[in-house]
Amino acid sequence: MNDKATPKDPEKEKRKIKSAKKMRDIMTTYYMDALTARENNKTVAWITSGGPVEPLIAMDIIPVYPENHGAMIGASKMGEDLCIKAEDMGYSSDLCSYARADISCAVVNGGPLGGLPKPDMLICCNNICGTVLKWYEIQARHFNVPLFILDTPVCHSGYTKEIAAYVQNQIKEYVIFLETATGKPFDYDRIKTVGALALEGQKLWQKVLKTTAQRPSPMSAFDAFFFLALIVTLRGTQTAVDFYTQLLKEMEERVEQGISIVPEEQHRLLWDNLPVWYNLKWLSQKFSDHNACPVADTYTSAWCSAIQYIDANDFLGSMAEAYTRIYLNIGVDQMADQVLGMIQFYGVDGFVMHSNRSCKPYSFGQMDIMNIVREKTGIPVLMLEADMVDPRNFSLSQADTRIDAFMEIIKQKR
Amino acid sequence: MIEELTPFYTTIKDPEQTAQSIKTKGKKILGYLCSYAPEELIFAAGCHPMRLFSRKTEISLAENHLQAYCCSLVRGILEQGLSGDLNYLDGTVFPHTCDSIQRLSDIWRLNMDQAFFADVIMPAKLTTASARDYMKTVLNKFKTDLESYIGHPITEDDLAESIALFNRIRTRLDQIYTLKAEHPAVISGKDLFCVIKAAMIMDRNLLDTCLKDLLSALKNLPQKPGDPTRLILSGSVCDMPDLYTLVEDAGGAVVGDDLCSGQRWFQGLIPQDLPPMDGLTARYTDRVVCPAKHSGNFARAKALIDLVKAKKAQGVVFTLLKFCDPHAFDFPYLKECLDKEGIPSLHLEMDDQQTNSGQMTTRVETFIQMI
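Chains as they are written, first to last, in this note's numbering: chain A, 800 to 1213; chain B, 378 to 748.
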């Protein structure tokens, strides 16, 4: 809260991203709708962050994302308490903190929203990890609702014809599942519209992310983590398209006027893995104090990385490939190639890897990617040990010292 | 110890020696990490399927590839690979399993120089017709990969013969387990564990003979009296012979298991009345499910409770590897289901290759006394 007696710092005000308020308003409305769905006879589906949401939107089903909720829990520093509650229920403290927080939240109605709206069905796509498979089984038993699993086999070294046929078949099964669960026929016309909006949203999101290739960068990867919520939760809606159109405009204006997010941007960084939600502000300030801006990351770009596989004229038909060939569902060498591409495109001077105890598919292989990056680019790489939601696995003082040392190396290299 | 156990102990003492002697017969050695590896195809290709176990407790080389929050089994096997201890392998096969093994597959492919490498990317859900169809295409693809490696096709006869052999091995193992459940003192848990571990390593034709000999020897042993507390082990790999001895010293006996280095690996015969590839598909889709796969929301609890009842067990010991996500996610639910059935359970969290600790002794002793 701003103290009315203190005048606002005009320099800081200028740097603030104005669209943030709009985004908060949209998300508030979205969660109000979701939380009152039952009273309004609306259907709610819980879905994984990498799952195909478009068919839900086309069927007027409200999608709810436990992972987005997990991020909110982390950012509001409620993660530790909820994780401990899950541990009391018998879940190991080594398990994913999104899953732990959600599992206990479903039982105690905790978290910033007082619990998520109860689902009528669960949609689990394992393109991000095997954890979601177990997590959704647990919730399917808890809520006693039907579970649809979209099984997207890992493309270690390519998208094979066997995988393609299997996932395509499952898209058909998904449609039948939704028809059975809602008792309504699937709207094949509507999915075309929704698909077009989803593709447009992803293209806009990609353009937003690409504005940070400009020097100085109009926003940081940490801002992108915040603005990500809409492309995840409202992909396929006009609301998302309108919002990202506005955000893109703001970013372009900032570029034009030379408004940077970090006041004296001198060093540009690439971030890997999920954010450290409960310490995002601290990390942001820490890098800023070194005149460094994390301009891009491998995480937020995952929500536009499959654009090349989407056929605008056959959205439903191309969904299988688009949802299978995402960043976390490919081989480590392919991931490294994408990282190298980003390092070049964004002109970064250093690479920060969040070794995230909660996310094994994202974190195992990081050390090989680190070695490839060092060998091929020579830029310094820092690996920070943390967890996305559970603060017990993060040592602030150690991170502080290590970031200082890392930034020293970058400065010496200039 | 009866002499029929000797070949099994010789095998697990020195898997490399076993591998080298198989190689001298002109066979290629293909390693695997998971009980979903289709061994019948590897064998039918004239290669030797050999399960990899972690042998090292000191991790140094794998530290540069896998963080400390990766399970000791995956780290230990990578350490073995990087240190050159597995140089006798001609190749490695990775079925789709847990996230950690998935990433190990990438790391292995990028860092190990082997003539053959295959990801056998099986379905994670096993409940639908499309998953079954996909399973078949994956097995067919693996067959083609093997054929191009060995340079000739795998014939229907080769495959049928291989399937018959593996079915025979599985039946014999099941018979030994049944004997153990009927007369727990007939073979110690430590010995039985050695047999099952060696069964995943040694030449399968030799294994078949050795199991046959062991089975008849065990049947002829005089029955020893005893009325131990009957326990089931549940987890992934339990490579800890000490635990079996500890259980027995405390008055218990392991009469069955829900381990991927145990009954989950060998249970489920391949239907021989189907075309071979269909038979394989059916077996790998319908076998006792691993928690990294989905076979309905209640499949594992049902299988465990059925096993407890079939073996007339009085309790379950969960031997869970630290950092093993699939098993850790299932544990609270499985425990709850056991509780509802009035079946006591004990949760032990351990590292692979762990040796007995005083604390573990106390917990196991107390658990057995309480039953």
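Built from N, CA and C at the ideal position, the CB exists for glycine as well.
From a predicted model like this one, the values you see are computed outputs, not experimental measurements.
Task: Below-9 Å beta-carbon distance, B:Asp707 vs any chain A residue - done: Counting from 1 along the second sequence, the entry for residue 707 of chain B is found at position 330. For B:Asp707, the answer is yes, since a Cβ of chain A falls inside 9 Å of its Cβ.
Task: Where B:Pro472 sits in the DSSP three-state scheme - done: For the purposes of this step, residue 472 of chain B is identified with residue 95 of the second sequence, where counting begins at 1. Strand, per DSSP.
Open item on the list: Between which two residues does the alpha helix (DSSP H) holding A:Ala963 run?
Closed with: What you label residue 963 of chain A is simply residue 164 of the first sequence in a count that begins at 1. Here the alpha helix (DSSP H) through A:Ala963 covers 960-981.
- [ ] On a CA-only basis, which of A:Phe1205, A:Leu1069, A:Ala885 is nearest A:His1089? Give me that one, please.
- [x] Counting from 1 along the first sequence, the entry for residue 1089 of chain A is found at position 290. When each option's Cα is compared against that of A:His1089, the closest is A:Phe1205.
TODO: Within its chain, find whatever has a CB closer than 6 Å to the CB of A:Leu1068; leave out the 5 residues flanking it on each side and keep chain order.
DONE: Here the question's residue 1068 of chain A lines up with position 269 in the first sequence. Closer than 6 Å at the Cβ level, and outside the excluded window around A:Leu1068, lie Ala1091, Pro1093, Val1147, Gly1149, Val1151.
- [ ] With 9 Å as the C-beta to C-beta threshold (strictly closer), list the residues of the segment 404-434 of chain B near chain A in chain order.
- [x] none
TODO: For A:Met800, I'd like the list of residues in its chain whose CB is within less than 6 Å of its CB, leaving aside the five on either flank, ordered along the chain.
DONE: Position 1 of the first sequence holds residue 800 of chain A. Unreliable placement is indicated for A:Met800, whose pLDDT of 45 sits below 50; the coordinate value is still reported in the next sentence. Counting only Cβ-Cβ distances below 6 Å, and skipping sequence neighbours, we find nothing.
Task: Spatial neighbours of A:Ser818 in its chain, beta-carbon cut-off 8 Å, leaving aside the 5 residues before and after - done: Here residue 818 of chain A refers to the residue found at position 19 when the first sequence is read from its first residue. Closer than 8 Å at the Cβ level, and outside the excluded window around A:Ser818, lie Phe1026, Phe1042, Gln1045, Leu1046, Glu1049.
Open item on the list: If I measure Cβ to Cβ from B:Cys571 and keep anything under 8 Å in the same chain, skipping five residues before and after, which residues do I get?
Closed with: Taking the second sequence and counting its residues from 1, the one referred to as residue 571 of chain B is at position 194. Cβ neighbours of B:Cys571 beyond the five flanking positions: Leu382, Phe385, Tyr386, Ile389, Pro618.
Task: Residues near A:Ser1083 by beta carbon distance below 6 Å, same chain, minus five either side - done: To locate residue 1083 of chain A, count along the first sequence from 1; it is residue 284. So the qualifying residues of the chain are Phe1021.
TODO: Decide if the segment 395-409 of chain B is in contact with the segment 460-472 of chain B; the criterion is three or more beta carbon pairs, one per stretch, under 8 Å apart.
DONE: Yes: at least three Cβ pairs fall under 8 Å.
TODO: Quick one: using the 10 Å Cβ neighbour count with 16 as the cut-off for buried, is B:Met499 buried or exposed?
DONE: For the purposes of this step, residue 499 of chain B is taken as residue 122 along the second sequence, with counting starting at 1. Buried: at least 16 other Cβ atoms inside 10 Å.
Task: Uninterrupted alpha helix (DSSP H) stretches inside the segment 881-961 of chain A (no shorter than 4 residues) - done: Those alpha helix (DSSP H) runs which fall completely within the segment 881-961 of chain A and span 4+ residues are 896-907, 930-942.
Task: Opposing strand residues paired with B:Phe318 [DSSP bridges] - done: This structure cannot speak to residue 318 of chain B, because chain B is shown only from 378 to 748.
Open item on the list: Within the continuous beta strand (DSSP E) that includes A:Ser1184, where are the two ends?
Closed with: Residue numbering aside, residue 1184 of chain A sits at position 385 when the first sequence is read from its first letter. Inspection of the sequence shows that residue 1184 of chain A is occupied by Glu rather than by Ser. Looking at the DSSP string, the run of the beta strand (DSSP E) that includes A:Glu1184 is 1180-1185.
- [ ] Verify the CB distance criterion: does B:Thr662 have a CB-CB separation below 9 Å to chain A?
- [x] Counted from its first residue, the second sequence places residue 662 of chain B at position 285. No, B:Thr662 does not count as interfacial toward chain A.
Open item on the list: Determine, for A:Asn968, whether the minimum Cβ-Cβ distance to residues of chain B falls below 9 Å.
Closed with: Counting from one through the first sequence, the residue named residue 968 of chain A turns up at place 169. Judged by the 9 Å Cβ criterion, A:Asn968 is in contact with chain B.
Open item on the list: Taking the beta carbon of B:Phe750 as the centre, do at least 16 other beta carbons fall within 10 Å, making it buried, or is it exposed?
Closed with: Since the first residue of chain B shown is 378 and the last is 748, residue 750 of chain B is not available in this structure.
Open item on the list: Quick check on B:Val515 - is its C-beta less than 9 Å from some C-beta in chain A?
Closed with: Residue mapping note: residue 515 of chain B aligns to position 138 of the second sequence, counting from 1. Output row for B:Val515: interface = yes.
TODO: For chain A, find out if any of its Cβ atoms is closer than 9 Å to the Cβ of B:Asp702; answer yes or no.
DONE: One-based indexing of the second sequence puts residue 702 of chain B at position 325. Yes - at least one Cβ of chain A is within 9 Å of the one on B:Asp702.
Task: Neighbour list for B:Thr732 in chain A, Cβ cutoff strictly below 7 Å - done: The residue you call residue 732 of chain B lines up with position 355 of the second sequence. Within 7 Å Cβ-Cβ: nothing; B:Thr732 doesn't reach chain A, min ~22 Å.
TODO: Please compile the residues from chain A whose C-beta is within a distance smaller than 9 Å of the C-beta of B:Ala492.
DONE: Residue numbering aside, residue 492 of chain B sits at position 115 when the second sequence is read from its first letter. Per Cβ cutoff of 9 Å: no residues; B:Ala492 is ~17 Å from chain A at best.
Task: 8 Å Cβ cut-off: residues of chain A touching B:Asp483 - done: As a position in the second sequence, residue 483 of chain B is number 106, starting the count at 1. Here the neighbours are His955, Gly1130, Val1131, Asp1132, Gly1164, Asp1167.
Task: When A:Gln1211, A:Lys820, A:Ile825 are compared against A:Arg1034, the one with the closest alpha-carbon - done: Indexing the first sequence from 1 puts residue 1034 of chain A at position 235. The option with the nearest alpha carbon to A:Arg1034 is A:Ile825.
Open item on the list: Counting C-beta neighbours from all protein chains within 10 Å, is the total for B:Ala687 16 or more, i.e. buried, or is it exposed?
Closed with: The residue given as residue 687 of chain B occupies position 310 in the second sequence. It is exposed - the Cβ of B:Ala687 has fewer than 16 other Cβ atoms within 10 Å.
- [ ] Select from B:Asp568, B:Ser431, B:Leu438, B:Pro602 the residue whose C-alpha is nearest the C-alpha of B:Ser460.
- [x] Taking the second sequence and counting its residues from 1, the one referred to as residue 460 of chain B is at position 83. Per the Cα distances, B:Leu438.
- [ ] Check the Cβ of B:Arg480 against every Cβ in chain A and list those closer than 8 Å, keeping chain order.
- [x] Here residue 480 of chain B corresponds to residue number 103 of the second sequence, with the count starting at 1. Residues of chain A passing the Cβ test: Val1131, Lys1159, Pro1160, Phe1163, Gly1164.
- [ ] Return the residues of the segment 1016-1047 of chain A that lie within a Cβ-Cβ distance of less than 8 Å from chain B, sorted by chain order.
- [x] none
- [ ] State the start and end residues of the unbroken alpha helix (DSSP H) segment that holds A:Val1031.
- [x] For the purposes of this step, residue 1031 of chain A is identified with residue 232 of the first sequence, where counting begins at 1. Start and end: 1020-1032.
Open item on the list: On the DSSP letters alone, give me the boundaries of the beta strand (DSSP E) that A:Ala836 sits inside.
Closed with: On the first sequence, residue 836 of chain A is found 37 positions in, with the first residue counted as 1. Taken as a continuous stretch (DSSP letters only), A:Ala836 belongs to no beta strand (DSSP E), as it is neither H nor E.
Open item on the list: Beta-carbon within less than 6 Å of B:Met737's beta-carbon, same chain only, minus the 5 sequence neighbours each way: which residues are those?
Closed with: What you label residue 737 of chain B is simply residue 360 of the second sequence in a count that begins at 1. Excluding sequence neighbours, B:Met737 sits near nothing in its chain.
Open item on the list: Since A:Thr847 and A:Glu866 should fall inside the 8 Å C-beta cutoff, what is the C-beta to C-beta distance between them, to a whole number of angstroms?
Closed with: Taking the first residue of the first sequence as position 1, residue 847 of chain A is located at position 48. Taking the first residue of the first sequence as position 1, residue 866 of chain A is located at position 67. Right, their Cβ atoms sit about 7 Å apart.
- [ ] In the DSSP assignment, find the beta strand (DSSP E) that holds B:Lys405 and state where it starts and stops.
- [x] The residue labelled residue 405 of chain B in the question sits at position 28 within the second sequence. Taken as a continuous stretch (DSSP letters only), the beta strand (DSSP E) holding B:Lys405 covers 405-409.
Task: 9 Å Cβ cutoff, A:Trp1070 in contact with chain B - done: What you label residue 1070 of chain A is simply residue 271 of the first sequence in a count that begins at 1. Not closer than 9 Å to any Cβ of chain B, the Cβ of A:Trp1070 fails to qualify, so no.
Open item on the list: Is it the case that the segment 1185-1192 of chain A contacts the segment 1100-1115 of chain A, given that we only count it when at least three CB pairs across the two stretches are under 8 Å?
Closed with: no
- [ ] State the Cα-Cα distance for the pair B:Phe706 and B:Ala495, rounded to the nearest angstrom.
- [x] Within the second sequence, numbered from 1, the residue matching residue 706 of chain B stands at position 329. Within the second sequence, numbered from 1, the residue matching residue 495 of chain B stands at position 118. So the two alpha carbons sit approximately 28 Å from each other.
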